[in-house]
Amino acid sequence: MLFNLFNQPSEEIQYLGTPYTQDCLDAIGIILQTQIHIEKALLLSCNQAHAYLIKSHRNTYIIRSGYPGEGPKGLASSLQLLLKHNIAVDEINISEKLMKKINHSSLSDTDIEIMLKTEVVRPTNIYEYIYEIYKTTEYQVTNDRYYPTELPYHLIDSRILDLALKFNDDPNHSILTAYTRLEDIVKAKINDQTLFSNNLLKAAFVSDKQRQSIYF
Numbered sequence: 133m134l135f136n137l138f139n140q141p142s143e144e145i146q147y148l149g150t151p152y153t154q155d156c157l158d159a160i161g162i163i164l165q166t167q168i169h170i171e172k173a174l175l176l177s178c179n180q181a182h183a184y185l186i187k188s189h190r191n192t193y194i195i196r197s198g199y200p201g202e203g204p205k206g207l208a209s210s211l212q213l214l215l216k217h218n219i220a221v222d223e224i225n226i227s228e229k230l231m232k233k234i235n236h237s238s239l240s241d242t243d244i245e246i247m248l249k250t251e252v253v254r255p256t257n258i259y260e261y262i263y264e265i266y267k268t269t270e271y272q273v274t275n276d277r278y279y280p281t282e283l284p285y286h287l288i289d290s291r292i293l294d295l296a297l298k299f300n301d302d303p304n305h306s307i308l309t310a311y312t313r314l315e316d317i318v319k320a321k322i323n324d325q326t327l328f329s330n331n332l333l334k335a336a337f338v339s340d341k342q343r344q345s346i347y348f
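Basically my numbering = 1-based index in the sequence shown + 132.
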């Protein structure tokens, strides 16, 4: 009974990704954009299958095994995403039993503790996984598409939040309207309704003496 208690699925783990590689890469992009501090990133390897355990200051994430389809390319892209953010990635080997529990979202807290204490693979294979595909360890610009397309709403000023919510429907209109509102705010701040565009912004960020030269 006590054994079963300690091996119940953990309620603290957030499972992300699917058996499809693209979903796993998107999940990593979401974590990188939404989590302030990543404390640990482990590549969990079992034969030719891979998954991730990522701990932030608040959450524990498991990115399910989703790399057999695109295979090594998906794995290399995921590693590049993490390394681009200066996140050190260690690899550990896990059992088939643990990998099965990962893919069934049934890891226990004890399983997590075991993985965190498992000796990492040395020498590391991380850069070899990347080099095997890209023939370089430099970041590939094409991998930027794995970041979520949604705007980070917590960074959006309340005065243009309505435009941010409609951004995907008509991005050009949203950007133009946001800039127009910015101009109106700046005009009110410097008490001048006659300036526009570059001259307006120049006038807003120069001394009074320099501002006079803009009018003449």
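All residues carry an ideal CB built from backbone N, CA and C; glycine is no exception. Since we're looking at a predicted model, the values are computed, not measured.
Distance check for residue j and residue i, CA to CA, integer angstroms please.
| i | j | result |
| --- | --- | --- |
| G161 | L211 | 11 Å |
| I234 | Y271 | 28 Å |
| L297 | N179 | 44 Å |
| E171 | V221 | 10 Å |
| S142 | Y266 | 37 Å |
| L175 | Q325 | 57 Å |
| Q146 | Q167 | 13 Å |
| L137 | R291 | Model confidence at L137 stands at a pLDDT of 49, short of 50, so the residue's coordinates are unreliable and nothing is read from them. |
| M133 | S238 | Residue confidence is low: M133 scores 40 on pLDDT, short of 50, so the model does not pin down where it sits. No coordinate-derived value is stated. |
| C156 | D289 | 31 Å |
| D302 | V318 | 25 Å |
If you reduce the DSSP assignment to three classes, tell me which class residue i lands in.
| i | result |
| --- | --- |
| T153 | helix |
| L174 | strand |
| T281 | coil |
| S197 | coil |
| K321 | helix |
| L134 | In this prediction, L134 scores a pLDDT of 43, lower than 50, which makes its location untrustworthy; no coordinate-derived value is stated. |
| H305 | helix |
| L204 | Rather than Leu, the amino acid found at residue 204 in this sequence is Pro. Helix, per DSSP. |
| N331 | helix |
| R254 | coil |
| I288 | coil |
| N235 | helix |
| E264 | helix |
| N300 | coil |
| Q272 | coil |
| T312 | helix |
| S209 | helix |
Provide the residue(s) that pair with residue i in DSSP beta bridges, ordered along the chain.
| i | result |
| --- | --- |
| P141 | S240 |
| D222 | L174 |
| S188 | I170 |
| L148 | I195 |
| H182 | S177 |
Applying the 10 Å Cβ sphere with the 16-neighbour rule, what's the burial state of residue i?
| i | result |
| --- | --- |
| D158 | buried |
| Y263 | exposed |
| L295 | buried |
| A173 | buried |
| I163 | buried |
| G206 | buried |
| G203 | exposed |
| A373 | The question about residue 373 has no answer, for the chain in this structure spans 133 to 348. |
| L293 | exposed |
| D243 | buried |
Are the stretch 283 to 294 and the stretch 228 to 235 touching, with three or more C-beta to C-beta distances below 8 Å?
With contact defined as three or more Cβ pairs closer than 8 Å, the stretch 283 to 294 and the stretch 228 to 235 are not in contact.
Whether or not the stretch 301 to 321 and the stretch 185 to 199 are in contact is what I'm after, with contact meaning three or more pairs of Cβ atoms, one per stretch, closer than 8 Å; do they touch?
Contact check between the stretch 185 to 199 and the stretch 301 to 321: fewer than three CB pairs, one atom from each, fall below 8 Å, which does not count as touching.
Touch check for the stretch 232 to 247 and the stretch 174 to 188: three-plus C-beta pairs under 8 Å?
Verdict: yes, contact present.
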